[in-house]
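This report concerns only the one structure given below.
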Amino acid sequence: MTTQPLPASSWLNAPAHHAWLAAEGQRLLAFAKACRLPDGFGNLDDKGQLPANAHAETMNTARMTHSFAMAHALGLPGYAELVAHGVAALSGPLRDAEHGGWFAAPQAIDGNRGKAAYLHAFVALAASSAVVAGAPGAQNLLNDAIHIIDQFFWSEEEGVMLESFAQDWSGVEAYRGANSNMHATEAFLALADVTGDTRWLDRALRIVERVIHTHAAGNQFMVIEHFDAHWQPLLGYNEDNPADGFRPYGITPGHGFEWARLVLHLEAARLQAGLVTPEWLVTDAKGLFASACEYAWSVDGAPGIVYTLDWNHRPVVRERLHWTHAEASAAAQALLKRTGELHYETWYRRFWEFCEAHFIDRLHGSWHHELSPHNQPSSNIWGGKPDLYHAWQAVVLPALPLAPSMASAIGAGCYVTSW
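For the sequence shown, position 291 (counting from the first letter as 1) is numbered 291 according to my numbering, and the numbering increases by one without interruption.
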């Protein structure tokens, strides 16, 4: 048993709350449809338009394919063709036909011919969701993604994903990243469900053991993001570029929330599969959530979660990013389901009230992706509104169990009827 009874007054018990989430989800989806390009999906501006110079990107194409696949599986018309388009793009122009794997943009038109674990994790996630949705070509895409992960990225010796390679798979980067391994954990949970192969759950546990149970637990449950090839922390990494969108300096509290949720999904998945499941998984999830709340929420005179902290838990980049708050809400609901403890209900409501007041854009659609330290729309780190994935998952997850993974749970009908 991995869940506890919810408080009687919980929003997770309230049909009106689930109806609100469903309506917000459909509003997000409708906005995102405009991102379609011939070679995949691109990045929308603040008003939901593709800029004149827009081109497809593998990250956005994979995330959109995953999101649209869940929408189709939920029974929402108008998304099957978009899933098929995403699968075709990932199987064609975004793929390296010579050496295998995926570029960041079609035919590497951005000049980047490297192969990044972060992107390949999202391709695997998209392919697994597209298989659930029954998209043509999805199974072949999934087989290809699994082959690439097995052949190049997964290190059995280290129990993690290697970070990146050159186009021909030479020159592995002398860096290990928590972010790419976090999204690999997410993808591995989905792969386990779609393939029925529990080795993905064993791999996910090995990642969590290293990144969370060893390093984060030894750092007051604040996630260390950057390591060298021997898994020694690189505490000064990107100190001269602290607001990097993917590898910022210091601590990223949003990842603490995201990891907390994934750790609970892993616990539930392993229990469901009858595998040995460490008791420390739920303890670590609680610790990650508690530290992120304590050190990052409303710490600079205004509500909201700051983007980054230094090693003394002082704010560095004070902008508030939408994905951070989406993940905070998602982590709160997961812990609420897992423990039944009332304070997670309080945090869940607090995060949604903040998102409703500051991030949700009722005028132009979708969510503002970034707010200033004074909670006004800004674009110092992220411009436009390219991301559906985080906010969409935040409105879907409250209707789902902790296991199986999202698309598989939807495909099996394991969601509340508000959808």
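Think of the CB as a built atom: it goes at the ideal place given N, C-alpha and C, for glycine as much as any other residue.
*Can at least three beta-carbon pairs, one atom from the region 212-225 and one from the region 247-259, be found at a separation below 8 Å?*
Contact between the region 212-225 and the region 247-259 is present: 3 or more CB-CB pairs across the two stretches fall below 8 Å.
*Skipping 5 residues on each side, what residues in its chain have a beta carbon closer than 6 Å to that of residue 12?*
In its chain, beyond the 5 residues on either side, 6, 398 have a beta carbon closer than 6 Å to the beta carbon of residue 12.
*Mind checking which residues open and close the alpha helix (DSSP H) that includes residue 183?*
Here the alpha helix (DSSP H) through residue 183 covers 178-195.
*Beta-carbon separation of residue 101 and residue 148 under 7 Å?*
It is a contact, given that the beta carbons lie within the stated cut-off.
*Smallest Cα separation from residue 430: which of 47, 128, 157?*
The structure shown does not extend to residue 430, since the chain is modelled only from 1 through 419, so no value can be given for it.
*asked:* Buried or exposed for residue 144, going by 16 or more other Cβ atoms inside 10 Å?
replied: It counts as buried.
*Could you check how far apart the C-beta atoms of residue 323 and residue 244 are, in whole angstroms? I think they sit under 8 Å.*
About 14 Å separates the two Cβ atoms, so there is no contact after all.
*Please classify residue 28: does DSSP put it in a helix, a strand, or coil?*
Residue state for residue 28 is assigned as helix, using DSSP reduced to three classes.
*If you drop the 5 nearest sequence neighbours on each side, which residues of the same chain put their C-beta closer than 8 Å to that of residue 116?*
Answer for residue 116: 104, 163, 164, 180, listed in chain order.
*Entirely enclosed alpha helix (DSSP H) segments - the region 348-401, minimum 4 residues*: Runs of the alpha helix (DSSP H) inside the region 348-401: 389-396.
*In DSSP terms, what residue 116 is bridged to*: Per the DSSP secondary-structure output, residue 116 pairs in a beta bridge with 164.
*residue 318 - DSSP class collapsed to helix/strand/coil*: Assigned with DSSP and collapsed to three states, residue 318 falls in coil, not helix or strand.
*When you compare each of 395, 394, 415 to residue 404 by their alpha carbons, which one comes out closest?*
Nearest C-alpha to residue 404: 415.
*Shortest alpha-carbon distance to residue 85 belongs to which of 345, 134, 98?*
Just measuring C-alpha positions, the residue of 345, 134, 98 sitting nearest residue 85 is 134.
*Who are the near neighbours of residue 374 in its chain, counting only those whose CB is closer than 8 Å to its CB and skipping five residues on each side?*
So the list reads 302, once near-sequence residues are dropped.
*Reducing DSSP to helix, strand and coil, say where residue 37 ends up.*
Note: residue 37 maps to strand in three-state DSSP.
*Is it the case that the Cβ atoms of residue 87 and residue 121 are separated by a distance below 7 Å?*
The Cβ-Cβ distance between residue 87 and residue 121 does not fall below 7 Å.
*asked:* Quick check: the region 378-394 against the region 26-35, are at least 3 beta-carbon pairs closer than 8 Å?
replied: With the cut-off at 8 Å, the region 26-35 and the region 378-394 touch.
*Counting only the same chain and skipping the five closest in sequence on each side, list residues whose C-beta sits under 6 Å from that of residue 16.*
Cβ neighbours of residue 16 beyond the five flanking positions: none.
*asked:* Can you give me the C-alpha to C-alpha distance between residue 284 and residue 51, rounded to a whole angstrom?
replied: The alpha-carbon atoms of residue 284 and residue 51 are separated by roughly 43 Å.
*Candidates 108, 46, 76, 233: closest to residue 55 by CA position*: Taking residue 55 as reference, the option from 108, 46, 76, 233 with the minimal CA-CA separation is 108.
*DSSP state of residue 91 mapped onto helix, strand, coil*: Three-state DSSP puts residue 91 in a helix.
*Look at the Cβ atom of residue 461, then the Cβ atom of residue 125, and state whether they are nearer than 7 Å.*
Nothing in the structure corresponds to residue 461, since the chain is present only between 1 and 419.
*Verify whether the separation of the beta carbon atoms of residue 306 and residue 296 is less than 7 Å.*
With contacts defined as CB atoms closer than 7 Å, residue 306 and residue 296 qualify as a contacting pair.
*Between the beta-carbon of residue 407 and the beta-carbon of residue 69, is there less than 7 Å?*
Against a cut-off of 7 Å, the Cβ pair of residue 69 and residue 407 comes out as a contact.
*For residue 24, which residues of its own chain have a beta-carbon under 6 Å away from its beta-carbon, when the five flanking residues on both sides are left out?*
Only 395 meet the Cβ criterion.
*Selected residue, minimal CA-CA separation from residue 62, among 90, 53, 347, 178*: Comparing Cα positions, the closest option is 90.
*Beta-carbon proximity list for residue 342, same chain, < 7 Å, skipping 5 on both sides*: Apart from sequence neighbours up to five positions away, the residues of its chain that approach residue 342 with a beta-carbon distance below 7 Å are 7, ordered along the chain.
*According to the neighbour-count rule (16 or more other Cβ atoms, all chains shown, within 10 Å of its Cβ), is residue 309 buried or exposed?*
Buried, by the Cβ-count rule.
*For my contact list, residue 178 and residue 208 are in at a C-beta cut-off of 8 Å; report their separation, rounded to the angstrom.*
Contact between residue 178 and residue 208 is ruled out by a C-beta separation of about 11 Å, above the 8 Å threshold.
*Can you tell me the Cβ-Cβ gap for residue 39 and residue 106, rounded? I've got them flagged as a contact below 8 Å.*
Rounded, the Cβ-Cβ distance is 4 Å, consistent with contact.
*Quick one, which of 10, 370, 287 has its alpha-carbon nearest residue 382's?*
Nearest option by C-alpha distance: 370.
*Let me know the alpha helix (DSSP H) ranges lying completely inside the region 260-343, each 4 residues or longer, listed in chain order.*
Counting only runs of 4 or more, we get 280-296, 322-339.
*Roughly how many angstroms separate the alpha carbons of residue 335 and residue 99, rounded to a whole number?*
For residue 335 and residue 99, the distance between alpha carbons rounds to 42 Å.
*Return yes when the Cβ of residue 372 is within less than 7 Å of the Cβ of residue 379, no when it is not.*
No, they are not a contact pair.
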